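Have a look at the structure below, then the notes.
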Amino acid sequence: MSKKTIILFSGDYDKVMAAFVIANGAAAMDDEVTMFFTFWGLNAIRKPEGGGALTGKPKSTIQKMFSAMMPRGAERLRMSKMNFAGAGPKMLKMVMKSENVMSVSQLIETAQEQNIKFIACTMSMDVMGIRQEELIDGIEYAGVATYLAEADEGNVNLFI
Amino acid sequence: MSKKTIILFSGDYDKVMAAFVIANGAAAMDDEVTMFFTFWGLNAIRKPEGGGALTGKPKSTIQKMFSAMMPRGAERLRMSKMNFAGAGPKMLKMVMKSENVMSVSQLIETAQEQNIKFIACTMSMDVMGIRQEELIDGIEYAGVATYLAEADEGNVNLFI
Amino acid sequence: MSKKTIILFSGDYDKVMAAFVIANGAAAMDDEVTMFFTFWGLNAIRKPEGGGALTGKPKSTIQKMFSAMMPRGAERLRMSKMNFAGAGPKMLKMVMKSENVMSVSQLIETAQEQNIKFIACTMSMDVMGIRQEELIDGIEYAGVATYLAEADEGNVNLFI
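Residue numbers (our numbering), protein chains in the order written: chain A, 1 to 160; chain G, 1001 to 1160; chain D, 2001 to 2160.
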């Protein structure tokens, strides 16, 4: 039993999948796991339906553009290769289903059930104009110092 | 003397090259090295000539499409930047040769000669419809639990 | 107080930014930090004005092409997603400024002030035809063996 940390920087469906397969695998082996979502990785934990009325500072025009153009939630993510305007992820998901591999949204649910700690990077949220209401529930909000404190305790620390 | 692990997720020529330079460097310093090939990284260890008659479950139509579109073997990989429809890798290889830098296929050969352990991710193989006969010889097949057990013993664990 | 190493392989503005935020955060917590710049990551530490008269072996035609096409310096880097022919980075920088987030060139300056060790990968420099005069001052030049020696002392080693 040890600790693992993963920085999820990527918002590509295939990389997000890899991150959660590793995280869930470690949690299943009784490891403590912390995932730190930054930049495009935040898209994997956005609520598909948006956040309703947002509190805090209003988004700037550029932040509204970023938010509007970035995929909302795991099942809308694109692939890093062979995306083919969305056909790639659809095909990938069909094969995953027929091979009994969990979808990314199921992997995320499992991760939360296994008490994997999700931390959303507040600096990235500020830059991209993502508000807490727009992200899934049950997560923490912190910056790089918190990540580093977690990684100091980890014996495996990955950047994905 | 210690242990290193590398997850090779990427199938880009430049990233695969970086992975093998690090792996071979560590092995040359008497480190034990394990490389775990997953997703696009599997393309680096596909046999260029395919696998002949395949055993096991027949590939689905989508899996056949994936297999057909993905590059077979190290020297057919694309670059992550400046690929220019294949001209990028060709130019890169010309410079590498003139600078006496090993090609990726030579790096892979050297890695096997140095007894670097190659593990192909079985879950990715299932999803992408890649069969054991299509991958180079002398490798192992396992899942995320095996990777994690190796990484627990590593003092440097990279995701590339 | 411990040691961290980061291989910066990527030359994307967003990934370079993530690397330096982590590096500076660790240095601010009194960690020793080594950054190893390889491949596209070298572009982040190129002098914007070029290197003037270059010493050493003359660049080959392909190397001249590579040098000419790759961005010179941190503020000319592209984004890994939503680059939009350069509009993406411009918009990102505008938001970063309004959110009081340091630009990548400021992050690099801070890193040097905090005595983060910069090592440029000599093998990548050879391949890409980048000469020492073209890179910023105050950095070291070494190969994979030096990286591995540093990483052996690190408790967090990332590949970005």
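Think of the CB as a built atom: it goes at the ideal place given N, C-alpha and C, for glycine as much as any other residue.
Just so you know, these numbers come straight off a predicted model, no measurement behind them.
(request) Please classify G:N1024: does DSSP put it in a helix, a strand, or coil? (result) helix
(request) Determine which residues of the region 81-104 of chain A have a Cβ less than 8 Å from any Cβ of chain G, and write them out in chain order. (result) K81, M82, M91, L92, M94, V95, M96, S98, E99 and V101
(request) Could you work out which residue in D:F2037, D:Y2013, D:N2083 and D:D2014 is closest to D:I2116 when comparing CA atoms only? (result) D:F2037
(message) Let me see if you follow: with CB-CB separation under 8 Å, is A:M1 close to chain D or not?
(response) no
(request) Give, in chain order, every unbroken run of the beta strand (DSSP E) that is at least 3 residues long and sits entirely within the region 2086-2160 of chain D. (result) 2117-2121, 2140-2142 and 2156-2159
(request) Name the one or two DSSP bridge partners that A:I6 has. (result) A:M35 and A:L158
(message) Just to confirm my understanding: we take G:V1033, look at its own chain, exclude 5 residues before and 5 after, and list those with CB closer than 6 Å. What are they?
(response) K1004, A1023, A1026, A1027 and I1116
(request) Would you list, in chain order, the members of the region 14-33 of chain A that have their beta-carbon closer than 9 Å to a beta-carbon of chain G? (result) D14, K15, M17, A18, A19, V21, I22, N24, G25, A26, A28, M29 and D31
(request) Tell me, please, whether the CB atom of A:F118 is closer than 8 Å to any CB atom in chain G? (result) no
(request) For G:R1076, name the three-state secondary structure that DSSP assigns. (result) helix
(request) For A:L158, collect the residues of the same chain with a Cβ closer than 6 Å to its Cβ; drop the 5 residues on either side in sequence, then sort them by chain order. (result) I6
(request) Measure the CB-CB distance between A:T55 and A:E133 and report whether it falls below 8 Å. (result) yes
(message) What does the alpha-carbon distance come out to for the pair G:F1009 and D:G2154?
(response) 23 Å
(request) Give the straight-line distance between the Cα atoms of D:A2120 and A:M102, rounded to the nearest whole angstrom. (result) 41 Å
(message) Between D:F2118, D:A2142 and D:I2139, which has its C-alpha nearest D:F2020's C-alpha?
(response) D:F2118
(message) So with CB distances below 9 Å, who are the chain G contacts of A:F159?
(response) L1158 and F1159
(request) Please name the residue in G:P1071, G:M1096 and G:Y1147 whose C-alpha comes closest to that of G:A1085. (result) G:P1071
(request) Determine, using beta carbons only, whether D:R2078 and D:D2012 come nearer to each other than 8 Å. (result) yes
(message) Less than 8 Å between the beta carbons of A:A62 and A:I136, yes or no?
(response) Residue identity differs from the one stated: residue 62 of chain A is Ile in this sequence, not Ala. No.
(message) Excluding the 5 residues flanking G:M1029 on each side, which residues of the same chain have their C-beta closer than 7 Å to its C-beta?
(response) none
(message) Tell me the rounded alpha-carbon separation between G:D1031 and G:E1113.
(response) 14 Å
(request) Indicate whether at least one CB of chain A lies closer than 8 Å to the CB of G:A1074. (result) no
(message) Taking the straight line between their C-alpha atoms, what separation do you get for G:S1002 and D:A2151?
(response) 11 Å
(message) So D:M2123 and D:L2042 are supposed to be a Cβ contact under 8 Å. How far apart are they, rounded?
(response) The Cβ separation is near 11 Å, so there is no contact.
(message) Nearest by alpha-carbon distance to D:G2050: which of D:M2035, D:D2014 and D:S2067 is it?
(response) D:S2067
(request) Work out the CA separation of G:A1018 and G:S1105 for me, nearest whole Å. (result) 13 Å
(message) Please report the straight-line C-alpha distance between G:M1091 and A:G88, rounded to a whole angstrom.
(response) 29 Å
(message) Quick check: G:S1080 and G:D1014, are their CB atoms within less than 8 Å of each other?
(response) yes
(request) Given a cut-off of 8 Å, decide if A:A74 and A:I108 are closer than it, judged by their beta-carbon atoms. (result) yes
(message) Considering just the uninterrupted stretch of the alpha helix (DSSP H) at D:S2067, what are its terminal residues?
(response) T2061 to M2069
(message) Counting C-beta neighbours from all protein chains within 10 Å, is the total for D:A2111 16 or more, i.e. buried, or is it exposed?
(response) buried
(message) Run through chain A and tell me which residues come within less than 7 Å of D:N2155, C-beta to C-beta.
(response) D152
(request) Evaluate A:Y141 with the Cβ neighbour count: other Cβ atoms within 10 Å of its Cβ, from every protein chain shown; 16 or more gives buried, anything less gives exposed. (result) exposed
(request) Measuring only between beta-carbons, confirm whether A:A145 sits less than 8 Å from chain D. (result) yes
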